[in-house]
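Trainee: Following the numbering used here, the residues of the sequence shown are numbered contiguously, the last one being 535.
We put the beta carbon where it would ideally sit given N, CA and C, even for glycine.
Note that this is a predicted model, so its numbers are computed, not measured.
One structure, as structure tokens, below. Some questions next.
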Amino acid sequence: MIYLIGTLSTIAWVWLIVIAFKESQTVWGVAMILLIPSCFLYGILNWSKVFIPFILLVISIGLMFSLSPEQLAQLE
């Protein structure tokens, strides 16, 4: 389960970065690579352009925090 959530989160993060670079917003693209929390700010400021990847990112992070300690212990 955690691998699926991690993959979903990574796909959404990369998708946001690609959109930022496509929109000629190089500063945002670099900021999202270096400072992952800037993805949330970019998502809020550009909601109409990044609706789907932003929602995927928020859902995947929510799922990550909802994992129980037993599920996390299975990774060891």
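Here's the rule I'm using: 16 or more other beta-carbon atoms within 10 Å means buried, otherwise exposed. How should Pro496 be labelled?
Mentor: Under this definition Pro496 is an exposed residue.
Trainee: Pull up the CB-CB distance for Ile464 and Gln530, whole angstroms please, since I reckon it's below 8 Å.
Mentor: No, Ile464 and Gln530 are not in contact; Cβ-Cβ is about 10 Å, not under 8 Å.
Trainee: Indicate whether Ile492 and Ile476 have their beta-carbon atoms separated by less than 9 Å.
Mentor: Result yes, Cβ atoms of Ile492 and Ile476 sit closer than 9 Å.
Trainee: Val509 to Ser468, Cα distance in whole Å?
Mentor: Taking the straight line joining both Cα atoms gives about 14 Å.
Trainee: Can you confirm whether Trp474, when its beta carbon is compared against all beta carbons of chain B, has any partner nearer than 9 Å?
Mentor: Among the protein chains of the structure shown there is no chain B, as only one such chain exists.
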